[in-house]
Amino acid sequence: MRPIAFFDSGIGGLSVLAAAKELLPGERFVYYGDNGRAPYGERTAVEIFDYTVECVLELMHLDIKALVLACNTATSVTVETLRSRLEIPVISMEPAIKPAFAMRKKGRVAVMATPATLDQPRFLNLLQRFDPKRSALLLPCSDLVGLIEEGDFEAPKIEACIEEVFTPHVGAAIDAVVLGCTHFVLVEETVQRVCQSLFPGAKTVHGNEGTVRHLAHVLGQRGLLGEGAGEGGVEFYSSGDANRLRDIFLRIAGAKTRT
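Under the numbering used here, the letters of the sequence shown match residues 3 to 261, in that order.
The following block contains the structure:
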């Protein structure tokens, strides 16, 4: 059975993979984290493009049947090119702007994302569709991805970093907080706790489940859904320290690994 590949700059895409394992238990998966060059969020568009394409070409050698760009930053820079060049389905990761604005009452929508994501035309065009008045609060999170990559999601410095992002905006009415990076989903409880203390009633939203549902839909349309019984497992590849990352991978995605 051909596998479905997930790519991310680091461990963030594991949050998407975990959702895929629940919805598609009969599939085989491979995951590639470019941890050795993470985070991507402050790299140039050229670097992000080159690194992503290099890693995707590695995955193509594994005879994958679909590719999930489980990285908002990589999606924003490379998805159109990859779709034009690859014959397999390429599933993008988009910030959950539409559901966030559907949740909004009278307050604002805040978007946590990497600087690279927030600067890309793809994101700005998406935002324009649902926020033509540009009322959203855009929050570039330069340091948070690197802290999450360390693997201790309960570390006090992660909560302190999140507080530093939001504290300057105390007093604003915020209804929804978009987790515009798959890494941030790994610390969603901490983000929610900080936001509740500063902006009572604010709720977090992300695109993981929607992305996985779209993946399942596309596979079904193309006759590519697996028929396994959950024994397929996951193979894990990384450009970083495989021994350290194996423990993180097992904790998040809980499956067989191969590095």
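The C-beta atom is built at its ideal place from N, Cα and C for all residues, glycine as well.
What you are looking at is a predicted structure, and each value in this text was computed from that prediction instead of being measured.
Leaving out the 5 sequence neighbours to the left and right, which residues in its chain are closer than 6 Å to V220 when beta-carbon positions are compared? For the purposes of this step, residue 220 is taken as residue 218 along the sequence shown, with counting starting at 1. Only P91 meet the Cβ criterion.
What does DSSP give as the partner residues of F8 in its beta bridges? Here residue 8 refers to the residue found at position 6 of the sequence shown. Paired residue(s): Y33, V70.
Based on the DSSP output, what are the partners of R110 in its beta bridges? The count along the sequence shown starts at 1 and reaches residue 110 at position 108. Looking at the DSSP assignment, R110 forms a beta bridge with I176.
Assuming I93 contacts L128 (C-beta within less than 8 Å), just tell me the rounded distance between them. Here residue 93 refers to the residue found at position 91 when the sequence shown is read from its first residue. Here residue 128 refers to the residue found at position 126 when the sequence shown is read from its first residue. With 8 Å as the limit, I93 and L128 do not qualify as a contact, their Cβ atoms being about 16 Å apart.
Own chain residues within Cβ distance below 8 Å of E44, not counting five before or after: Along the sequence shown, one-based indexing puts residue 44 at 42. Excluding residues within five positions, the ones whose Cβ falls inside 8 Å are T116, P117, A118, S144.
Following the continuous alpha helix (DSSP H) through V196, name the residue where it begins and the one where it ends. Residue mapping note: residue 196 aligns to position 194 of the sequence shown, counting from 1. That run of the alpha helix (DSSP H) goes 190-200.
How would you call R87, buried or exposed, if buried means at least 16 neighbouring beta carbons within 10 angstroms? Looking up residue 87 in the sequence shown gives position 85. Under this definition R87 is an exposed residue.
Within its chain, find whatever has a CB closer than 7 Å to the CB of F103; leave out the 5 residues flanking it on each side and keep chain order. One-based indexing of the sequence shown puts residue 103 at position 101. Counting only Cβ-Cβ distances below 7 Å, and skipping sequence neighbours, we find V111, F132, D133.
Can you give the Cα-Cα distance for F9 and F31, rounded to whole angstroms? For the purposes of this step, residue 9 is identified with residue 7 of the sequence shown, where counting begins at 1. For the purposes of this step, residue 31 is identified with residue 29 of the sequence shown, where counting begins at 1. Looking at the two C-alpha atoms, the distance is approximately 11 Å.
Please name the residue in L247, R253, E237, P123 whose C-alpha comes closest to that of G12. For the purposes of this step, residue 12 is taken as the residue at position 10 of the sequence shown. The option with the nearest alpha carbon to G12 is L247.
Where do the N-terminal and C-terminal ends of the beta strand (DSSP E) with E237 fall, by residue? Along the sequence shown, read from residue 1 onward, the residue named residue 237 stands at position 235. Looking at the DSSP string, the run of the beta strand (DSSP E) that includes E237 is 236-240.
Paired residues, beta bridge with I93 - DSSP: Numbered from 1 along the sequence shown, position 91 holds the residue referred to as residue 93. V70.
Thinking C-beta only, is A175 closer than 9 Å to F201? By 1-based counting over the sequence shown, the position of residue 201 is 199. By 1-based counting over the sequence shown, the position of residue 175 is 173. For F201 and A175, yes; Cβs fall inside 9 Å.
Check L26 in the structure and name its three-state DSSP category. By 1-based counting over the sequence shown, the position of residue 26 is 24. Looking at L26 - three-state DSSP - the assignment turns out to be coil, as it is neither helix nor strand.
In the structure shown, what three-state DSSP assignment does K205 receive? Along the sequence shown, read from residue 1 onward, the residue named residue 205 stands at position 203. Strand at K205.
Tell me which residue opens and which closes the alpha helix (DSSP H) that P123 is part of. For the purposes of this step, residue 123 is identified with residue 121 of the sequence shown, where counting begins at 1. That run of the alpha helix (DSSP H) goes 123-132.
Inter-stretch contact (C-beta, 8 Å, three-pair minimum) for the segment 182-195 and the segment 134-153: Touching, yes.
Own chain residues within Cβ distance below 8 Å of T259, not counting five before or after: In the sequence shown, residue 259 corresponds to position 257, counting from 1. In this predicted model, T259 has a pLDDT of only 48, less than 50, meaning its place in the structure is not dependable; the value taken from the coordinates is given anyway. Excluding five sequence positions before and after T259, the CB atoms of its chain that fall closer than 8 Å to its own CB belong to V236, E237, F238, R248, F251, L252, given in chain order.
Decide if T206 is buried, meaning its Cβ has at least 16 other Cβ atoms within 10 Å, or exposed. In the sequence shown, counting from the first residue as 1, residue 206 sits at position 204. The C-beta of T206 has 16 or more other C-beta atoms within 10 Å across all chains shown, which makes the residue buried.
Could you spell out the range, first to last residue, of the beta strand (DSSP E) harbouring L226? Taking the sequence shown and counting its residues from 1, the one referred to as residue 226 is at position 224. Unbroken run through L226: none, as it is neither H nor E.
Inspect the beta-carbon positions of V147 and A21 and report whether they are closer than 9 Å. One-based indexing of the sequence shown puts residue 147 at position 145. One-based indexing of the sequence shown puts residue 21 at position 19. Against a cut-off of 9 Å, the Cβ pair of A21 and V147 comes out as no contact.
Same chain only: Cβ atoms within 7 Å of K108, ignoring 5 sequence neighbours per side: For this step, residue 108 is matched to residue 106 along the sequence shown. Once the five neighbours on either side are set aside, the close Cβ partners of K108 are A175.
Could you pull the start and end residues of the alpha helix (DSSP H) that L59 belongs to? The count along the sequence shown starts at 1 and reaches residue 59 at position 57. First-last of the alpha helix (DSSP H) with L59: 47-62.
If you count every other CB in all the chains shown that lies within 10 Å of the CB of M3, and 16 or more means buried, which is it? Numbered from its first residue, the sequence shown carries residue 3 at position 1. Label assigned to M3: exposed.
Excluding the five sequence neighbours on either side, which residues of its own chain have a C-beta within less than 6 Å of the C-beta of P170, listed in chain order? Within the sequence shown, residue 170 is the residue found at index 168, counting from 1. Listed in chain order, the non-local C-beta contacts of P170 below 6 Å within the same chain number zero, local neighbours out to five positions each way being set aside.
P41 (DSSP reduced to helix, strand or coil): Locating residue 41 in the sequence shown gives position 39, counting from the first residue. In the displayed model, P41 falls within coil according to three-state DSSP, outside both helix and strand.
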